[in-house]
Amino acid sequence: MPDAATADIATVLAEVADIARPRAREGKVADYIPVLAEADPDDFGMALVDMDGTEHLYGDVDRPFAIQSISKVFSLVLAMHETDANDGVAHQLWSRVGREPSGDPFNSLVQLERERGIPRNPMINAGALVIDDILLDHCEDPKRSTMDLLETLAREPLDVDERVLDSEHGSLHRNRAMANLMASFGNLTHEVDEVLDDYVHACAIAMTTRQLARSIRFLANDGVEPDSGERILSPELAKRVAAIMFTCGTYDAAGEFAFSVGLPCKSGVAGGIVGIVPRRMGLCVWSPPLDPSGNSLAGRTALHELSQKLDLSVV
182 MPDAATADIA TVLAEVADIA RPRAREGKVA DYIPVLAEAD PDDFGMALVD MDGTEHLYGD
242 VDRPFAIQSI SKVFSLVLAM HETDANDGVA HQLWSRVGRE PSGDPFNSLV QLERERGIPR
302 NPMINAGALV IDDILLDHCE DPKRSTMDLL ETLAREPLDV DERVLDSEHG SLHRNRAMAN
362 LMASFGNLTH EVDEVLDDYV HACAIAMTTR QLARSIRFLA NDGVEPDSGE RILSPELAKR
422 VAAIMFTCGT YDAAGEFAFS VGLPCKSGVA GGIVGIVPRR MGLCVWSPPL DPSGNSLAGR
482 TALHELSQKL DLSVV
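Per our numbering, the very first residue in the sequence shown carries number 182; after that it's consecutive.
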């Protein structure tokens, strides 16, 4: 029998779903990557995973989807881990990528041109491309290293969605333009095609809502994976990643998320949004239809309701 607290959370999840799911009708499934346009707009899942591993679940929590830009969090974590073990995060990473919200769409070139090839933050496409360039300096096989990290955190084997990967490779015109622009300013040091290949591979990794909620918990636990006790990042660096998620993780709607949800979050255009509640839990919501900023519309509503009903906000 579930205890009272678990039963109460289950009731809250059902109430939140009743409020959030209808909002999906107001959104639009991403179609600039052709395979994503095939997503079922009625898919919906919520997962909250406590530090002790207790899972609170609702809906389609075991249906895998391409994590898309949620991968940017884990690429940043891997880059921080690798550069921290060498000559420092500040020198290798923050000299090449900013830490400010962009205020522009996630795939905008305008700011990048004006600021001479230095992306505003690692959570937008241009910033993630620089992170992938850094990983090529430090990882013999960045694709395998990224997958190894995620499998360590999810505690399960994972796969890449090959159809999404192929579709991504055919939809790279704007990302290629960003990469070439940054290369012209000297902010990419590897071949553009090599950087793009690693970038789309990370975006096409398939995970479930449950796996993502489990995998993000280490950032809520001062950088330690709660089940194994393995340290992934130092407490200071884990805090920095959470701060970047809070201010930059939901594209040009980050301010609205901070106001209405109050949690460090990161979204992806397949409809997933991960979040953390420090020292309490990792969470993930998933619903494919998006708002104009590229964030799950029903997911954003669900996070607002969860934050209110369970008193999760950190502000």
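C-beta atoms are modelled at their ideal positions from N, C-alpha and C, and glycine is treated no differently.
Output the distance between the C-alpha atoms of residue i and residue j, rounded to the nearest integer angstrom.
i      : j      : result
MET328 : ASP212 : 26 Å
GLY308 : ALA451 : 19 Å
GLY480 : GLY410 : 30 Å
VAL216 : LEU464 : 26 Å
ILE200 : ALA483 : 8 Å
GLU337 : VAL291 : 40 Å
VAL311 : GLU332 : 23 Å
ARG297 : PHE366 : 6 Å
HIS237 : ARG391 : 9 Å
MET462 : ALA220 : 28 Å
VAL405 : LEU414 : 7 Å
SER326 : PRO459 : 26 Å
ASN368 : GLU207 : 39 Å
LEU478 : ASP403 : 30 Å
HIS499 : GLU486 : The structure shown has nothing for residue 499, since the chain only spans 182 to 496.
ALA185 : LYS490 : Here ALA185 scores only 45 on pLDDT, less than 50, and its place in the model should not be relied on; the value that follows carries that caveat. For ALA185 and LYS490, the distance between alpha carbons rounds to 16 Å.
LYS209 : SER468 : 10 Å
LEU293 : GLU196 : 43 Å
ASP265 : LEU274 : 10 Å
ARG412 : GLU263 : 13 Å
GLU437 : ILE305 : 17 Å
LYS420 : ALA364 : 30 Å
TYR380 : ARG202 : 31 Å
ALA271 : ARG295 : 23 Å
ARG277 : ASP189 : 46 Å
PRO323 : LEU334 : 17 Å
ARG244 : ILE425 : 28 Å
LEU362 : ASP313 : 15 Å
VAL242 : GLU321 : 33 Å
If you follow the beta strand (DSSP E) that residue i is part of, which residue opens it and which one closes it?
i      : result
LEU238 : 236-240
CYS446 : 446-448
THR229 : Here residue 229 turns out to be Leu, not Thr, going by the sequence shown. That run of the beta strand (DSSP E) goes 226-231.
MET462 : 462-467
ALA387 : 386-388
VAL455 : 453-458
Assuming residue i and residue j are in contact, meaning their beta carbons sit under 8 Å apart, how far apart are those beta carbons, in whole angstroms?
i      : j      : result
ALA198 : GLY240 : 7 Å
MET227 : VAL466 : 5 Å
PHE246 : GLY453 : 6 Å
ALA385 : VAL345 : 4 Å
MET388 : LEU339 : 6 Å
ASP408 : GLY234 : 6 Å
LEU259 : VAL422 : With 8 Å as the limit, LEU259 and VAL422 do not qualify as a contact, their Cβ atoms being about 11 Å apart.
PRO222 : PRO470 : 5 Å
Leaving out five residues before and five after residue i in sequence, what residues of the same chain have Cβ atoms less than 6 Å from its Cβ?
i      : result
ASN476 : THR431, ALA434 and SER448
LEU418 : MET261
VAL254 : LYS447
ALA394 : ALA228, VAL230, GLY463, LEU464 and CYS465
GLN249 : CYS384, GLY449, VAL450 and ALA451
VAL341 : ALA385 and ILE386
GLY456 : LEU444, CYS446 and LEU464
PRO282 : THR428, CYS429 and ALA435
PRO183 : Reliability of the predicted coordinates at PRO183 is poor, the pLDDT of 44 falling under 50, and the value obtained from them is presented with this limitation in mind. Within the same chain, PRO183 has no close Cβ partners at all.
Within its chain, find whatever has a CB closer than 7 Å to the CB of residue i; leave out the 5 residues flanking it on each side and keep chain order.
i      : result
GLY279 : ILE299, PRO300, ARG301 and ASN302
LEU194 : MET227, HIS237 and TYR239
ALA360 : LEU310, LEU369, VAL373, VAL376 and LEU377
SER252 : ALA383, CYS384 and ILE386
ARG204 : LEU478, ALA479 and THR482
Counting only the same chain and skipping the five closest in sequence on each side, list residues whose C-beta sits under 8 Å from that of residue i.
i      : result
SER494 : VAL442, GLY443, LEU444 and SER488
ARG357 : VAL373 and LEU377
ALA439 : PHE427, THR428 and VAL496
GLU343 : ALA385
ILE214 : VAL345, SER348, GLU349, SER352 and VAL450
ALA218 : VAL210, ALA211 and ASP212
PRO416 : ASP403 and GLY404
Could you check where the alpha helix (DSSP H) with residue i kicks off and where it finishes?
i      : result
CYS320 : That residue, CYS320, is in no alpha helix (DSSP H); it is neither H nor E in DSSP.
GLY480 : 478-491
ASN356 : 354-365
GLY475 : First-last for GLY475: undefined, no H or E at that position.
ILE425 : 416-429
ALA439 : 435-441
ARG295 : 291-295
ALA260 : 252-265
ASP347 : 343-350
LEU217 : From DSSP, LEU217 is part of no alpha helix (DSSP H); its letter is neither H nor E.
ALA401 : 398-401
Is it true that the region 309-324 meets the region 371-385, where meeting means three or more beta-carbon pairs spaced less than 8 Å apart?
-> yes
Are the region 399-406 and the region 343-354 in contact at 8 Å, needing three or more beta carbon pairs?
-> no
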